[in-house]
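Scroll down for the structure; my scribbles are underneath it.
In the numbering used here, the protein residues as written are 58 to 579.
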């Protein structure tokens with residue numbers, strides 16, 4: 058079967074690893090032992106938690122009027138339950154079926170049975186076949202269907218380039234003692250049209266129905282390969298290249314204004330490439346990566362085309378002494394740096410470069426920047442074309458990250474971790490903000506959008522987290538997380554709603570959150 062990357066193998070560790078697991082139920086590798094003798098394998102997860110938060114909008118409470126209340130009163134609390142199940146069945150020697158699904162629901166008003174944001178009661182993070190070719194431990198393998206995939210090779214650090222649940226075909230070709238070649242001949246990222254012309258499709262759920270058929274260019278497709286080298290002593294290296302052909306969804310139909318004045322796509326595309334390496338010296342794992350992107354995002358005739366040329370890079374070191382202790386006690390620490398080119402704007406306020414454009418990956422930060430706000434540190438190819446929104450609350454745009462964390466697993470039941478993230482915007486603008494009134498925005502644009510570019514390059518904030526947990530039973534964990542964001546400069550410039558959903562304030566309020574609950578994995 059397919060060899061799991063190091064980051065996936067980490068999920069198979071004893072329950073002590075669960076205490077520090079920030080991975081959501083939906084975006085994760087299936088957690089089954091491929092080497093088990095039983096044909097049928099079943100695993101699962103359960104989580105029930107309470108959350109409270111305030112000031113996610115960075116705005117102090119203002120009750121001077123109805124709109125002011127709507128724009129500033131965002132304190133909230135909720136409880137939820139989530140559960141997931143993984144099922145694997147070895148149909149025959151070279152054929153294995155894996156299905157995994159999860160569901161979450163809020164407490165109160167019988168909400169637990171409601172459909173989710175994906176349109177169904179269950180979100181499937183896995184539904185694939187593993188097909189072995191030939192015999193032996195190092196045989197080629199084909200995986201067909203929905204599956205989690207990340208490039209990895211970063212010493213267990215988050216992958217900000219590609220880490221997502223993908224509908225694709227994946228072919229693993231062992232290269233002897235040298236390593237492994239992963240070929241992805243087809244990854245269908247998004248479908249964006251009404252396919253009722255094919256009779257049987259009328260009975261299949263279709264999440265996006267667009268005006269016209271865009272001459273059939275309705276899919277965003279990706280093709281690529283990853284070369285893994287494992288014969289370099291303590292070093293494991295990877296090189297990758299991917300090509301994404303963007304269909305007519307979202308920014309893929311800017312020229313026709315989402316199909317209002319035509320039925321053709323923009324022929325947008327993005328190329329991604331890079332190298333990365335990690336080394337293992339006992340409990341210490343340093344890593345480095347360099348990533349590049351290129352491509353074009355064609356815009357309306359009144360604007361200008363936007364290139365996708367940019368770079369991202371990062372490095373860090375992870376220390377984990379718990380692996381050498383039979384009680385899994387010890388120290389876990391990480392220091393890391395990440396930097397991605399952000400968007401660039403000309404002196405007329407119009408975007409001319411997205412900077413580095415990734416392929417949708419993990420989010421940055423802790424309880425606040427990550428789980429509550431959903432920050433991605435790069436623009437990326439999304440289900441709606443290229444997402445690059447530095448001014449929105451759920452931000453996906455070029456970011457510089459400094460991160461440090463240290464935690465301890467104590468003999469017995471307790472663990473504790475402290476974490477810090479510094480995030481800074483990396484966008485640039487050539488606008489002379491003293492002469493904004495002299496700029497005449499083209500059709501579809503507003504001068505307030507250009508004014509918001511004053512924020513670019515500023516510090517988004519410092520997030521501080523303190524996590525405490527206890528292993529109450531072999532498979533049961535209790536946890537308490539606290540978080541706050543201080544030192545923001547970016548959100549100290551207030552912007553108009555037309556420029557984005559993160560309005561900010563002249564005197565930003567401090568976001569905070571607290572969470573506690575239970576987690577089970579079996």
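Glycine residues also receive a C-beta, built at the ideal position from the N, C-alpha and C atoms.
Assumed close pair residue i, residue j - CB separation to whole angstroms, cut-off 8 Å
{"i": "residue 282", "j": "residue 241", "result": "7 Å"}
{"i": "residue 400", "j": "residue 447", "result": "6 Å"}
{"i": "residue 180", "j": "residue 429", "result": "Actually they do not touch by this definition, with Cβ atoms about 19 Å apart."}
{"i": "residue 477", "j": "residue 521", "result": "6 Å"}
{"i": "residue 113", "j": "residue 130", "result": "The Cβ separation is near 11 Å, so there is no contact."}
{"i": "residue 221", "j": "residue 84", "result": "7 Å"}
{"i": "residue 171", "j": "residue 162", "result": "6 Å"}
Same chain only: Cβ atoms within 8 Å of residue i, ignoring 5 sequence neighbours per side
{"i": "residue 508", "result": "490, 493, 552, 553 and 556"}
{"i": "residue 437", "result": "414, 415, 416, 417, 418, 443, 444 and 453"}
{"i": "residue 571", "result": "108, 109, 110, 537, 538, 539 and 540"}
{"i": "residue 559", "result": "114, 115, 448, 449, 450, 452, 548 and 552"}
{"i": "residue 17", "result": "The chain is shown from 58 up to 579; residue 17 falls before or after that span and cannot be answered."}
{"i": "residue 278", "result": "243, 244, 245, 246, 301, 302 and 304"}
Limits of the unbroken beta strand (DSSP E) element including residue i
{"i": "residue 181", "result": "180 to 189"}
{"i": "residue 2", "result": "For the chain, the structure presents residues 58 to 579; residue 2 sits outside this window and is missing."}
{"i": "residue 504", "result": "Premise fails: residue 504 lies in the alpha helix (DSSP H), 504 to 508, not in any beta strand (DSSP E)."}
{"i": "residue 257", "result": "Per DSSP, residue 257 belongs to no beta strand (DSSP E) and is neither H nor E."}
{"i": "residue 467", "result": "Neither: residue 467 is in no beta strand (DSSP E) and is coded neither H nor E."}
{"i": "residue 452", "result": "Residue 452 -> no beta strand (DSSP E), and no H or E assigned at all."}
{"i": "residue 515", "result": "Counting along the chain, residue 515 falls outside any beta strand (DSSP E), and DSSP gives it neither H nor E."}
{"i": "residue 327", "result": "326 to 336"}
{"i": "residue 359", "result": "First-last for residue 359: undefined, no H or E at that position."}
{"i": "residue 370", "result": "367 to 377"}
{"i": "residue 108", "result": "97 to 111"}
{"i": "residue 339", "result": "Premise fails: residue 339 is in no beta strand (DSSP E) and is neither H nor E."}
{"i": "residue 161", "result": "152 to 163"}
{"i": "residue 140", "result": "133 to 149"}
{"i": "residue 563", "result": "Careful: residue 563 lies outside any beta strand (DSSP E) and carries neither H nor E."}
{"i": "residue 426", "result": "Taken as a continuous stretch (DSSP letters only), residue 426 belongs to no beta strand (DSSP E), as it is neither H nor E."}
{"i": "residue 215", "result": "Note, residue 215: premise wrong, no beta strand (DSSP E); not H, not E."}
Residue nearest to residue i in terms of C-alpha spacing, selected from the options
{"i": "residue 137", "options": "107, 278 and 455", "result": "107"}
{"i": "residue 472", "options": "400, 419, 385 and 396", "result": "385"}
{"i": "residue 396", "options": "429, 345, 424 and 364", "result": "345"}
{"i": "residue 523", "options": "356, 540, 198 and 535", "result": "540"}
{"i": "residue 527", "options": "576, 85 and 374", "result": "576"}
{"i": "residue 132", "options": "115, 123 and 122", "result": "115"}
{"i": "residue 253", "options": "270, 363, 223 and 165", "result": "270"}
{"i": "residue 142", "options": "152, 163, 103 and 153", "result": "103"}
{"i": "residue 200", "options": "208, 342 and 227", "result": "227"}
{"i": "residue 139", "options": "153, 158 and 301", "result": "158"}
{"i": "residue 93", "options": "150, 105 and 125", "result": "150"}
{"i": "residue 160", "options": "212, 96 and 82", "result": "82"}
{"i": "residue 288", "options": "215, 455, 233 and 398", "result": "233"}
{"i": "residue 216", "options": "290, 276 and 334", "result": "334"}
{"i": "residue 389", "options": "148, 475 and 257", "result": "475"}
Close Cβ partners of residue i (< 6 Å) along its chain, the five nearest in sequence each way excluded
{"i": "residue 427", "result": "420"}
{"i": "residue 78", "result": "Low per-residue confidence applies at residue 78: pLDDT is 49, beneath 50, and the placement is therefore not dependable, though the value from the model is reported in the following sentence. For residue 78, where only same-chain residues beyond five positions count, there are no Cβ hits under 6 Å."}
{"i": "residue 500", "result": "359"}
{"i": "residue 568", "result": "112, 113, 425 and 542"}
{"i": "residue 155", "result": "87, 145, 183 and 185"}
{"i": "residue 440", "result": "247"}
{"i": "residue 230", "result": "197 and 238"}
{"i": "residue 206", "result": "223"}
{"i": "residue 98", "result": "89 and 145"}
{"i": "residue 332", "result": "296 and 347"}
{"i": "residue 214", "result": "373 and 393"}
{"i": "residue 61", "result": "Annotation note: pLDDT 34 at residue 61 (below 50); position unreliable, no value reported."}
Where the alpha helix (DSSP H) through residue i begins and ends
{"i": "residue 127", "result": "123 to 129"}
{"i": "residue 551", "result": "Looking at the DSSP string, residue 551 is not in any alpha helix (DSSP H), and its letter there is neither H nor E."}
{"i": "residue 196", "result": "Note, residue 196: premise wrong, no alpha helix (DSSP H); not H, not E."}
Below-8 Å beta-carbon distance, residue i vs any chain C residue
{"i": "residue 90", "result": "Structure shown: chain C not included; a single protein chain is present."}
Cutoff 7 Å; reference residue i; Cβ partners in own chain excluding five residues on either side
{"i": "residue 565", "result": "115, 545, 548 and 549"}
{"i": "residue 353", "result": "325, 326, 362, 364 and 365"}
{"i": "residue 487", "result": "402, 403 and 404"}
{"i": "residue 100", "result": "88, 89, 143 and 579"}
{"i": "residue 328", "result": "300, 350, 351 and 352"}
{"i": "residue 574", "result": "104, 105, 106, 107 and 536"}
{"i": "residue 125", "result": "119"}
{"i": "residue 339", "result": "none"}
| query | Is there contact here, the region 463 to 473 with the region 407 to 423, by at least three beta-carbon pairs under 8 Å? | reply | At 8 Å Cβ cutoff, the stretches do not touch.
| query | Three or more beta-carbon pairs under 8 Å between the region 362 to 373 and the region 339 to 353, yes or no? | reply | Counting Cβ pairs under 8 Å, three or more are found: they touch.
| request: Evaluate contact between the region 304 to 319 and the region 180 to 189, counting only Cβ atoms and requiring at least three cross-stretch pairs below 8 Å. | output: Counting C-beta pairs closer than 8 Å gives fewer than three between the region 304 to 319 and the region 180 to 189, which falls short of the contact rule.
| Are three or more beta carbon pairs between the region 231 to 246 and the region 314 to 332 nearer than 8 Å? | At 8 Å Cβ cutoff, the stretches do not touch.
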